[in-house]
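Residue numbers (the working numbering): 1 to 115. Beta carbons are placed, not taken as given, at the ideal position from N, Cα and C, and that holds for glycine. A short write-up of the structure that comes next.
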């Protein structure tokens, strides 16, 4: 049997852009993606600390070192620029694998840069 567990998390980043007229997704600074072990097109869950909204989307690679966190398409309606969000990815593994697994958790600074 497989269970779904947290694979990685980018904790408390600030939304820098919201682009309604886009196909959809979240654009994330490539430095943050690497630190969290995220890859382009990977499914992520977004939790908005400011308004309680939650959504599921996929990752688009943003410019490295830019600090960009941009909600695109319909997701842009779920957050405003300046909102604090948490980005979480999940993976499926056996219970035994899950007991030994250590998620990659990233705590960026107030400018969405690695500390």
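| task | Using only alpha-carbon positions, find the residue among 107, 27 and 86 that is nearest to residue 51. | result | Shortest Cα-Cα distance from residue 51 to any of 107, 27 and 86 involves 86.
| field | Helix, strand or coil at residue 95 [DSSP, three-state] | value | helix
| task | Look at the alpha carbon of residue 69 and the alpha carbon of residue 9, and state the distance between them as a whole number of angstroms. | result | 14 angstroms
| field | Sequence-distant residues of its chain with Cβ nearer than 8 angstroms to residue 3 (five each side left out) | value | 92, 93, 94, 95 and 98
| request: Determine the DSSP secondary structure at residue 6, reduced to helix, strand or coil. | output: Residue 6: strand per DSSP, three-state reduction.
| request: Taking the CB atoms as reference points, tell me whether residue 105 and residue 17 lie closer together than 8 angstroms. | output: In this structure, residue 105 sits away from residue 17, with a CB-CB distance that is not shorter than 8 angstroms.
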